Amino acid sequence: VLDMPLLNTMKYKDLNGIETLISDLILQLLSYMAEDERKRIRERQKEGITIALQKGVKFGRKKVEIDDNFKETYQEWKNHEITAVEAMQRVGMKSNTFYRRVKEYEHNLEKKKLS
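Written out as structure tokens, the structure reads:
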């Protein structure tokens, strides 16, 4: 875009400062156009997400559920029969996920005790 003959400021050498004025104006115009396009894209994206949510589309990764295998492995790990690394391998989780699920599971156990 900047290679267009209209933007060639070399022919205005005899007019002091006009080339920088034209360059600045063009740069501001292009900047405004890019910003406006980005705003329109964001607005369309927001509308699309709203429509998808209304249709019941789920976003993000699916949550790893706590199953019977996890409960058995958790008990063995808590009783110091297996290491945490072995427990993670058995349930197929990485450390962050494993400890997050342990925290959730323990929280759910506490809730059940209080009920």
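Mapping of the sequence shown onto my numbering: position 37 corresponds to residue 260, and the numbering continues sequentially without gaps.
Using N, Cα and C, we set each Cβ at its ideal position, and we do this for glycine too.
Here the structure is a predicted model, which is why all the values come from computation and not from measurement.
For residue i, is the classification buried or exposed, using 16 other Cβ atoms within 10 angstroms of its Cβ as the cut-off for buried?
| i | result |
| --- | --- |
| MET311 | buried |
| THR296 | buried |
| VAL314 | buried |
| PHE293 | buried |
| PHE321 | buried |
In the DSSP assignment, find the unbroken alpha helix (DSSP H) run with residue i in it and report its ends.
| i | result |
| --- | --- |
| ASP247 | 241 to 277 |
| LYS326 | 318 to 337 |
| GLU299 | 291 to 301 |
| VAL308 | 307 to 314 |
query = Would you say the region 280 to 294 touches the region 255 to 264, given that touching needs at least three Cβ pairs under 8 Å?
reply = no
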